Amino acid sequence: MFIDIPSELEAALTDRFLPPWEVDGSFLAQSAVEGYRSALAAAPRFGETAAAVRRALAEEGGGYAVLRLGNVAKALGADGGPFLRLVTGFAAEVAVPFSPFPRWPLWKDIGVRVDKDPGKSSGTGYNAFHMDLVNGTLPPDYTTLLCVRPDPLGGGASILSDAHAAVARLPQGSRALLAESAYHYGTFFDLHGVGEEYKPFPVLDGSGPGGGFVRFTAKMLERSRLGQAHADAARELAEELVRGQVSFMLQPGDYLIVNQRRFLHGREALHAGQENVVATDRRLFLQLFLRTRASGSPAA
Ligand SMILES: O=C(O)CCC(=O)C(=O)O
Ligand SMILES: [Fe+2]
């Protein structure tokens, strides 16, 4: 699931100048998709590298990929526009980049805030297994995270777990409870391109492995009021996800792409002592969502 960039491609990417992108509503404009594609297609071994990413996201047992762009990040600067445009070009080879948040740019900062709820995005604590935008009828097909800077104190490993495999290990009774529309999480306000608010929702929608979403966030165990039996089934699923998890520390320039129909994701707690790290040295990730063309109209 880790995909290295051939050195001749690294060299070409470092030289390649991509212009700033334009958006069309909440989506990356088709002109940008095509412009980036034709610029990058000329780079040696770009096509096969993009194909390897798509294969890792779709193959049997697959569902996530880490594209290792560290050397390119080092050459171009991990937090600058030129590098971000290249990564956007790779993302557009998987599906269409979009922002569900109308007032936000395409890429959303996930920094570190010591004053924030520790279990949430930008908090310092354990970020339990979840899918992003879980309470929309049409969550993003892919969620992606670009590591600009890891936690300098060594915490914050990324965690991933095969959602359908975890479900398959549960007893039938628990699966039946998870298939009921008895779950809810969070608020739904001013979001674009992710359908309507889904409340209450079933965790399992009956489409089986490889098909639908396992619409789950372990955060609802603490933050939503659920009936006892439904909460117990959700807790069992959360435990199975942890049992099956993989974890790794992303390095600067690593780009994680998660197929939300296959894998759920989260993050280990950052190391203690973040208040002693100056803000500009703290962990910084950037997040981008992708929509498969067939699953929702880019014009939506
Ligand atoms: O900080 C991370 O590595 C993951 C954050 C996350 O999953 C989110 O904000 O949705
Ligand atoms: Fe997330």
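Take 126 as the starting number for the sequence shown in my numbering and just add one per residue.
All residues carry an ideal CB built from backbone N, CA and C; glycine is no exception.
Values in this document were obtained by computation on a predicted structure and should not be read as measured data.
Residue closest to residue i, alpha-carbon to alpha-carbon, out of the options
i      : options                           : result
GLN376 : VAL339, ARG300, LEU192 and GLY398 : LEU192
SER286 : ALA343, PRO230 and GLU147         : ALA343
THR268 : PRO296, VAL319 and LEU295         : VAL319
ASP266 : GLY337, ARG228 and GLY298         : GLY337
PHE208 : TRP229, ALA168, ASP140 and SER332 : ASP140
PRO131 : VAL197, PRO227 and ARG179         : VAL197
ALA307 : VAL367, LEU165, PHE388 and LEU351 : LEU351
TRP146 : GLY187, GLU185 and PHE223         : PHE223
ALA397 : GLY391, ARG408, PHE388 and LEU389 : ARG408
GLU364 : ARG238, GLY279, SER299 and LEU138 : SER299
Residue i vs residue j beta-carbon contact at 9 Å
i      : j      : result
PHE313 : GLU305 : no
GLY369 : ALA290 : yes
ASP276 : LEU395 : yes
SER288 : PHE373 : Before going on, a small fix: residue 288 reads as Ala here, not Ser. Their beta carbons are not under 9 Å apart, which means ALA288 does not touch PHE373 by this criterion.
ALA164 : LEU143 : yes
ALA190 : PHE127 : yes
Coarse secondary structure for residue i, derived from DSSP in three states
i      : result
GLU400 : helix
ARG407 : coil
SER332 : coil
GLY261 : strand
THR139 : helix
GLU321 : coil
SER132 : helix
LEU278 : coil
ALA253 : strand
ALA425 : Because ALA425 carries a pLDDT of 38, less than 50, the predicted location of this residue cannot be relied on, and the following value inherits that uncertainty. Residue state, collapsed to three classes: coil.
SER283 : strand
LEU303 : helix
ARG162 : helix
LEU395 : coil
VAL271 : Per the sequence shown, residue 271 should be read as Leu rather than Val. In the structure shown, LEU271 sits in a strand (DSSP, three-state: E or B).
ARG418 : helix
LEU389 : strand
Cβ-heavy atom distance, residue i to ligand 1, below 8 Å
i      : result
ASN252 : yes
PHE226 : no
THR268 : yes
ILE382 : no
Residue i CB to nearest heavy atom of ligand 2 below 8 Å
i      : result
ASP257 : yes
THR417 : no
SER246 : yes
GLY99  : Past the edges of the chain, shown from 126 to 425, lies residue 99, and the structure says nothing about it.
Would you mind listing the beta strand (DSSP E) stretches within the region 164-241 that are 3+ residues and don't spill past its ends, in chain order?
-> If one requires a minimum length of 3 residues, the beta strand (DSSP E) runs lying completely within the region 164-241 are 189-193, 221-223 and 233-235, in chain order.
Residue ranges of each alpha helix (DSSP H) run of no fewer than 4 residues wholly in the region 349-385, ordered along the chain?
-> The qualifying runs are 353-368.
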